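Structure, as structure tokens:
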Amino acid sequence: MTQPKLLVTAALPYANGQIHLGHLVEYIQTDIWVRYQRLNGRRCIYICADDTHGTAIMIRARQEGRSEVELIADMQKSHERDFAGFDISFDHYGSTNSEENRLLCNAIWQSLRDANLIVEDDVEQLFDPEAGTFLADRFVKGTCPSCKAPDQYGDNCSKCGATYSPTELIDPVSTLSGATPVVKTAKHLFVRLENLHSFLENWTQSGEHLQSEIANYLKGHFLGKPLRDWDISRPAPYFGFEIPDSPGNYWYVWFDAPIGYIASTWQWCKKNNENLDDWWKSDSTEIHHFIGKDITYFHTLFWPGVLHSAGFSLPQFVHIHGFLTVDGEKMAKRKGTQVQAATYLKHLDPAYLRYYYASKLGPRLDDIDLNLTEFANKVNSDLVGKVVNLASRTARFIESMGLAPEYPHDGGLFASAASAGEKIAQAYEQLDYARAMRLIMEIADQANAFVENSAPWTLKKDPTQQVRLQEVCTIVLNLFRQLCVYLAPVLPRLADQCGQLLQSPIQHWNDSQSPLVGTPVSKFEHLLQRLQPEKVQAMIEESKVETTPQAETSPSTEAVVAPQDSGDALAAEPLAPTCTIEDFTKVDLRVARIIKAEEVPEAKKLVKLTVSLGGDNTRTVFAGIKAAYTLEQLQGRLVVIVANLQPRQMKFGLSEGMVTAAGPGGTEVFLLGVDSGAVPGQRVH
RNA sequence: GGCGAUGUAGCUCAGUCGGUUAGAGCAACGGCUUCAUAAGCCGUGUGUCGGUGGUUCGAGUCCACUCAUCGCUACCA
């Protein structure tokens with residue numbers, strides 16, 4: 000009986016943003032697995048697509064003054080270019096905005112209807128009368144109903160952490176138009192997931208389809224109680240597919256996105272004369288999804304539920320990976336660590352990143368860290384210093400002779416490296432690439448030691464030793480080739496180059512098991528340049544300029560170049576409607592000095608500030624700036640506060656004012672200051 | 001708060017069923033070498049294995065508690 004063929008997917012990137020190094024962890028991890036399987040002779044297709052629907056796309060297209068279709072076409076082009084630049088070997092890259100996807104959504108929808116899984120319910124949602132659209136949570140801001148913190152998004156409060164519905168917000172404002180949203184009731188359609196509870200319990204807990212941490216997470220979090228109905232419709236206007244039997248309603252983007260996996264496969268089938276059912280409704284295909292841990296829920300509960308109800312094959316395994324940090328911290332545009340794929344490619348070879356990620360990736364969901372110093376060291380030391388150097392230090396010696404006609408005695412080196420192949424293969428199979436890379440580098444170390452002991456450069460000088468010279472080089476080049484086979488899933492270009500050098504292409508994993516003899520050796524050319532650390536720095540610098548030109552907030556940085564401010568910040572939070580001077584004077588802004596900054600131990604985001612308006616006039620203000628400033632940085636500095644804001648009772652005490660700041664929140668909060676000369680108590684006019 | 005994880009050498013991490021003096025790579029230091037992309041080889045580690053307590057003849061490995069860090073917390077793409 001033949002092994003099942005493989006259908007592999009990576010998550011569909013959303014068409015609202017560019018691919019960055021964080022995304023690439025997943026596409027590279029998946030690509031390595033796919034290439035490994037193919038090299039082993041396994042039938043394996045790698046399918047992906049752009050995820051194109053939803054409110055965010057609709058709003059963005061509107062802001063850019065063009066159609067959604069135009070926007071997503073541009074974005075798709077750019078995504079495909081980035082992936083190609085990193086040698087991601089998709090068999091097909093489709094789009095969720097395709098006719099195939101619409102037809103599949105219809106069919107799957109009908110199955111859910113037939114299975115009595117669809118129910119209707121009224122949902123109260125905020126509606127923006129000016130923009131004429133319902134507002135997703137992220138497009139509404141207002142005062143938190145729990146702690147009364149102002150300027151909070153519609154789903155949860157960044158200050159007190161409370162979660163609520165946007166309709167509970169006090170004084171809500173649409174971030175699209177600045178209009179006051181009104182509560183509107185609309186009919187929504189839901190999937191009654193609870194009907195599939197026992198199926199999902201079995202599927203997730205079987206131990207065969209998910210990493211154990213994930214199974215535990217689902218069990219503890221969702222499966223212990225009845226599953227909630229899943230709201231999968233959105234009223235018009237919405238960019239997506241209209242629901243055929245519910246005019247005016249559209250499928251929520253998370254309904255049609257995973258179906259895009261099937262639709263994209265279908266497009267591939269049409270191109271290649273294949274039958275879709277052989278891939279999605281057949282025991283002779285194993286489906287493997289690769290995703291990040293942020294979208295676990297959709298892929299391990301909803302998606303299996305939908306597939307099960309609609310009669311499609313379930314994934315054999317959902318492989319979940321962690322996030323990328325850079326130098327130990329979350330990627331941040333401000334620091335230039337959120338590097339776009341295209342920016343990386345301008346400065347560095349994709350092989351570096353593919354190898355570095357491989358050397359860090361294991362089968363678990365730990366986050367992986369891109370340590371920039373280590374990145375440069377590791378790539379240079381392992382790839383250039385150890386692997387490529389083997390060819391570099393021997394190939395030239397036998398350009399005229401070619402490889403020896405018979406494989407010489409090598410003290411068992413080749414045989415032992417060949418037998419390590421099984422362990423390496425197993426590590427790839429189990430997604431333990433870090434282990435695979437360690438095993439491979441052990442072989443490279445042994446090979447380099449052999450070169451050292453055999454001293455081909457000495458043999459070269461002795462005319463009676465030419466046969467031995469050829470033998471030594473034959474051994475070393477065969478070890479090099481073995482390494483290239485083992486590294487081929489990670490470094491496809493190096494494998495090709497090795498094939499050219501030894502005039503025998505690497506086509507199968509088993510090429511590592513028998514040595515090459517008697518072939519000519521091409522003229523040696525450098526296979527991989529050393530990574531220059533300056534280029535890493537240049538990439539980081541460019542990433543800073545590209546994304547946050549307004550980074551020059553600190554006067555200490557000497558800005559030589561005129562800042563190129565992007566429109567991102569304004570687009571993220573459009574201007575509020577016009578207000579009169581009377582409106583403005585209602586707000587009493589005052590200069591104040593922070594005389595005491597205290598930790599609030601139980602609070603995640605708040606610090607307690609005692610501010611002085613001069614004289615004995617002090618007050619207590621709670622500010623959500625814990626992540627952005629240390630207590631020392633706050634102590635003593637002048638800030639601008641809203642002095643006549645109605646005091647709010649917060650969880651940790653009464654807040655008698657508000658400190659003004661710019662920025663989206665979290666670590667990116669920038670307090671307003673005043674030029675020197677201002678004193679506490681002065682009003683801001 | 002709940003849940004899931006992590007905490008081993010300066011850095012990044014291995015340590016399979018609990019079993020001899022706890023390992024690797026990188027970095028650092030010393031020596032050798034010069035074929036090679038200033039690459040390579042040899043040598044050098046006094047680590048409270050986060051902490052406390054327990055089980056055991058024996059614990060980095062099992063159990064309890066505790067501290068720290070990270071992530072997730074569904075109508076958000």
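Numbering (numbering that gives the first Met the number 0), first residue to last: 0 to 684. Note that beta-carbon positions come from the ideal geometry of N, C-alpha and C, so glycine has one too. Fair warning: this is a prediction, and the values are worked out from it, not measured in the lab.
Considering only DSSP beta bridges, list what residue 658 is partnered with.
Answer is 640, bridged to residue 658.
Could you pull the start and end residues of the alpha helix (DSSP H) that residue 355 belongs to?
Where residue 355 is concerned, the enclosing alpha helix (DSSP H) stretches over 349 to 359.
Contact check, residue 46 vs residue 267 under 8 Å by CB: the rounded distance?
About 6 Å; that satisfies the 8 Å criterion.
When you compare only the Cα positions, how much space is there between residue 558 and residue 673?
Only weak support exists for where residue 558 lies, its pLDDT of 27 falling under 50; the coordinates are left without a value.
Could you tell me how far apart the beta carbons of residue 306 and residue 313 are, in whole angstroms, since I believe they sit closer than 8 Å?
Yes, they are in contact, since the Cβ atoms of residue 306 and residue 313 sit about 5 Å apart, within 8 Å.
Which residues in the same chain have their Cβ closer than 7 Å to the Cβ of residue 514, if we skip the five residues on either side of it in sequence?
These residues qualify, in order along the chain: 406, 413, 477.
Give me the Cα-Cα distance between residue 12 and residue 658, rounded to the nearest whole angstrom.
The alpha-carbon separation between residue 12 and residue 658 amounts to approximately 38 Å.
If I measure Cβ to Cβ from residue 687 and keep anything under 7 Å in the same chain, skipping five residues before and after, which residues do I get?
Outside the displayed range of the chain (0 to 684) lies residue 687, so it cannot be described from this structure.
Since residue 303 is in the alpha helix (DSSP H), which residue starts that stretch and which ends it?
From DSSP, the alpha helix (DSSP H) with residue 303 extends over 302 to 309.
Taking the beta carbon of residue 342 as the centre, do at least 16 other beta carbons fall within 10 Å, making it buried, or is it exposed?
Result: buried.
Determine the contact status of residue 105 and residue 51, defining contact as a CB-CB distance below 8 Å.
In this structure, residue 105 keeps its C-beta atom at 8 Å or more from the C-beta atom of residue 51.
Within a Cβ cutoff of 7 Å, which residues of the same chain sit near residue 2, ignoring the five residues on either side of it in sequence?
Contacts found: 41.
Separation of residue 424 from residue 101, as counted between CA atoms:
Between residue 101 and residue 424, the C-alpha separation is close to 40 Å.
Which of the three DSSP states, helix, strand or coil, is assigned to residue 238?
It is coil, neither helix nor strand.
Figure out for me which residue from 508, 392, 505, 439 has the closest Cα to the Cα of residue 457.
Looking at the Cα atoms, 392 is the closest of the given residues.
Are at least three pairs of beta-carbons, each pair with one atom in the segment 169 to 185 and one in the segment 288 to 295, less than 8 Å apart?
Cβ pair count under 8 Å is below three, so no.
Reference residue 295, options 218, 445, 251, 130, closest by Cα:
Its Cα nearest to that of residue 295, the residue 218 stands out among 218, 445, 251, 130.
Spatial distance of residue 254 from residue 239 (CA atoms):
Note on geometry: alpha-carbon atoms of residue 254 and residue 239 lie some 10 Å from one another.
By DSSP, does residue 628 sit in helix, in strand, or in coil?
Of the three classes helix, strand and coil, the one that applies to residue 628 here is coil, per DSSP.
Between residue 138 and residue 175, is the Cβ-Cβ spacing less than 8 Å?
Contact flag set, yes.
What's the gap between the Cα of residue 246 and the Cα of residue 540?
Each residue's alpha carbon lies about 50 Å from the other.
Bridge partner(s) assigned by DSSP for residue 339:
Bridge partners of residue 339: 19.
Going by DSSP, what residue range makes up the beta strand (DSSP E) through residue 706?
Outside the shown range of the chain (0 to 684) lies residue 706, about which nothing can therefore be said.
Tell me the DSSP secondary structure of residue 90 in three-state form.
Looking at residue 90 - three-state DSSP - the assignment turns out to be coil, as it is neither helix nor strand.
Start-to-end residues for the beta strand (DSSP E) that takes in residue 420:
For residue 420, there is no enclosing beta strand (DSSP E); the enclosing alpha helix (DSSP H) covers residues 412 to 428.
Which partner residues does residue 331 have in the DSSP bridge list?
Bridge partners of residue 331: none, in fact.
In angstroms, rounded to a whole number, what distance separates the CA positions of residue 39 and residue 189?
Residue 39 and residue 189: Cα-Cα distance of roughly 44 Å.
Just verifying my parser: in three-state terms, what is the DSSP assignment at residue 186?
Residue state, collapsed to three classes: strand.
Less than 6 Å between C-beta atoms, sequence neighbours within five positions excluded: which residues of the same chain meet that for residue 617?
Around residue 617: 609, 611.
Secondary structure at residue 251, three-state DSSP: helix, strand or coil?
It is coil, neither helix nor strand.
Hey, could you find the ends of the alpha helix (DSSP H) residue 444 is sitting in?
Note, residue 444: alpha helix (DSSP H), 432 to 453.
Roughly how many angstroms separate the alpha carbons of residue 521 and residue 398, rounded to a whole number?
Taking the straight line from one Cα to the other gives about 6 Å.
Use the C-beta contact count for residue 678: other C-beta atoms within 10 angstroms, 16 or more gives buried, fewer gives exposed.
Exposed, by the Cβ-count rule.
DSSP state of residue 519 mapped onto helix, strand, coil
In the three-state reduction of the DSSP assignment, residue 519 falls in the coil class.
Helix, strand or coil for residue 277? Go by DSSP, reduced to three states.
Helix, per DSSP.
Go ahead and label residue 169 buried or exposed: buried means 16 or more other beta carbons lie within 10 angstroms of its beta carbon, across all protein chains shown.
The residue in question, residue 169, is exposed, as its Cβ has fewer than 16 Cβ neighbours within 10 Å.
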